[in-house]
């Protein structure tokens, strides 16, 4: 078996969106319910990735080989504080 990196889930389900309302509807109705969102509804109500301002400085030799790199990143996790630091750590 050869494992190859194929990307990740990108944290799209780490914050809550409509789970509480769906559970409440099931409780009130006393039966299972299913909440299906259109793509537009999903984009409007799900948590998005945090905006990050990134400033980079690179030091290169005469051939363009990178010898030094400095990065300053400022992230705004807004109301989604549960994963804000992890997003910056992985940036």
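Residue numbers (the working numbering): 113 to 203. Ideal Cβ placement from N, Cα and C applies to all residues, glycine included. Only a predicted model underlies this, so the values are computations on that prediction, with no experimental measurement involved.
1. Go through its chain and collect everything with a Cβ distance to residue 179's Cβ below 7 Å, but skip five positions before and after it.
2. Give the single residue among 156, 137, 175 and 201 whose Cα lies nearest to the Cα of residue 184.
3. Give every residue of the same chain whose Cβ lies closer than 6 Å to the Cβ of residue 189, excluding the five residues on either side of it in the sequence, and list them in chain order.
4. Take residue 154 and list the residues in its own chain whose beta-carbon comes closer than 6 Å to its own, dropping the five residues that flank it on each side.
5. Under the DSSP definition of a beta bridge, which residues are partnered with residue 172?
6. According to DSSP, what are the bridge partners of residue 165?
7. The alpha helix (DSSP H) spanning residue 134 covers which residue range?
8. Between residue 182 and residue 168, what straight-line distance do the alpha-carbon atoms span, to the nearest angstrom?
Once the coordinates are examined:
1. 171, 172 and 173
2. 201
3. 162 and 196
4. none
5. 178
6. 186
7. 131-141
8. 6 Å
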